[in-house]
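1 is the number of the first residue of the sequence shown in UniProt numbering; add one for each residue after it.
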Amino acid sequence: MSSNIPERGGGGDSRGVMSPILEVNDVSIAFGGLQALSEVSFNVLPGELLGIIGPNGAGKTVVLNCINGIHPPDSGDILFKGRSIRGLACHKIAALGIGRTFQHSELFQRMTVMENVILGRHIYLKTNILTGGIFWGPGRREEVRAREKAEMIMDFLELTMYRKEKVGNLAYGIQKIVGLARALAGEPRLILVDELGTGLMRQEKEDVARFLLRIHHESKTAIVWIEHDMQLITEICDRLICLSFGRKIKEGTPEEVIADPEVIESYLGKRSHTVPD
1 MSSNIPERGG GGDSRGVMSP ILEVNDVSIA FGGLQALSEV SFNVLPGELL
51 GIIGPNGAGK TVVLNCINGI HPPDSGDILF KGRSIRGLAC HKIAALGIGR
101 TFQHSELFQR MTVMENVILG RHIYLKTNIL TGGIFWGPGR REEVRAREKA
151 EMIMDFLELT MYRKEKVGNL AYGIQKIVGL ARALAGEPRL ILVDELGTGL
201 MRQEKEDVAR FLLRIHHESK TAIVWIEHDM QLITEICDRL ICLSFGRKIK
251 EGTPEEVIAD PEVIESYLGK RSHTVPD
């Protein structure tokens, strides 16, 4: 691993006395006849970097979709800062302080980097385009604040040189960072990061890890990160959980999780001894 990746953050020293910022309690959801999640439970502490691993089809993205309101769970509950968010619309969950990135960038390709990042502040822009564009008042002040915040985030994530570039003209790895910048623009207390490193070269993946650690250390934002690169995720996360066929099969430190026989078996694809021939 490149030496430009800092050591993992130590959010765990006060684990025994901190209240979780996110609580996922016995969440289950099915799509047609497919049980995507079965009674999945875990907590995330303020400022913690939690990794979610598991083979393809394990239900990792479905967990994030349940948290941010894309797919409300069939049963169970999800609490954010002690409040149930089950059944809330995505924009209301975002307004409470939960940001999200996606496996694919989901950006506006014909808009500039600056414009895409500003869109991440939609929860703070309460005036219409006409008011903001013609008159000096609340709308224009909100626009100025949005641009100032976007500039800060682009500097933080080393995107300033691309600020006026159309997103569609940028390399895929840069687009992934723009997606992270847009999520940060909403000033979340928790960010759900879905396979940000997928499709990237090794150095680009290390840049992603470096930026996540910078967010983790400097803003104390909690992060839930899905990632297939085991070396990367085990090196920087405080804790891991492993999903397999919609069930949580292990939770603990990265060292504990990757050494667990059931976790190893889930990746190797061996048949479980509980399944008859």
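The beta-carbon is built from N, C-alpha and C at its ideal position, and this holds for glycine as well.
Fair warning: this is a prediction, and the values are worked out from it, not measured in the lab.
For Asp238 and Leu119, the gap between their C-alpha atoms comes out near 31 Å. Note on geometry: alpha-carbon atoms of Gly97 and Phe80 lie some 9 Å from one another.
As summarised for the segment 74-111, the continuous beta strand (DSSP E) elements at least 3 residues long and confined to that stretch are 75-80, 98-100, given in chain order.
By the CB criterion at 7 Å, Ile264 and Glu251 fall outside the cutoff.
When secondary structure is reduced to three states using DSSP, Phe245 falls in the coil class, being assigned neither helix nor strand.
Look at Asp207 here: in three-state DSSP terms it is helix.
Check the Cα spacing between Phe31 and each of Val40, His71, Leu45: the tightest is with His71. Counting only residues of its own chain and dropping the five nearest sequence neighbours on each side, Tyr162 has a CB closer than 7 Å to the CB of Val113, Leu170, Ile174. A direct Cα-to-Cα measurement between Glu151 and Thr160 gives close to 7 Å.
Ile52 has its alpha-carbon roughly 20 Å from the corresponding atom of Ser19. Per DSSP, the beta-bridge partners of Ala30 are Gln35. In this structure, DSSP gives Asp194 an extended state, which the three-state scheme calls strand. The Cβ atoms of Val40 and Val27 sit closer than 7 Å to each other. The beta carbon of Leu180 sits closer than 7 Å to the beta carbons of Thr101, Leu157, Leu196, Phe211 from its chain, once the five residues preceding and following it are set aside; these are given in chain order. Taking His228 as reference, the option from Ala94, Arg202, Ala222 with the minimal CA-CA separation is Arg202. Per DSSP, Leu49 is one residue of the beta strand (DSSP E) stretching across 49-53. With respect to Ile93, Val117 sits apart: the two C-beta atoms are not nearer than 7 Å. According to the DSSP assignment, Ala222 belongs to the beta strand (DSSP E) that extends over 222-226. Its Cα nearest to that of Leu232, the residue Glu204 stands out among Thr221, Glu204, Ser219. Lys176 is classed as buried because its beta carbon has at least 16 other beta carbons within 10 Å across all chains shown.
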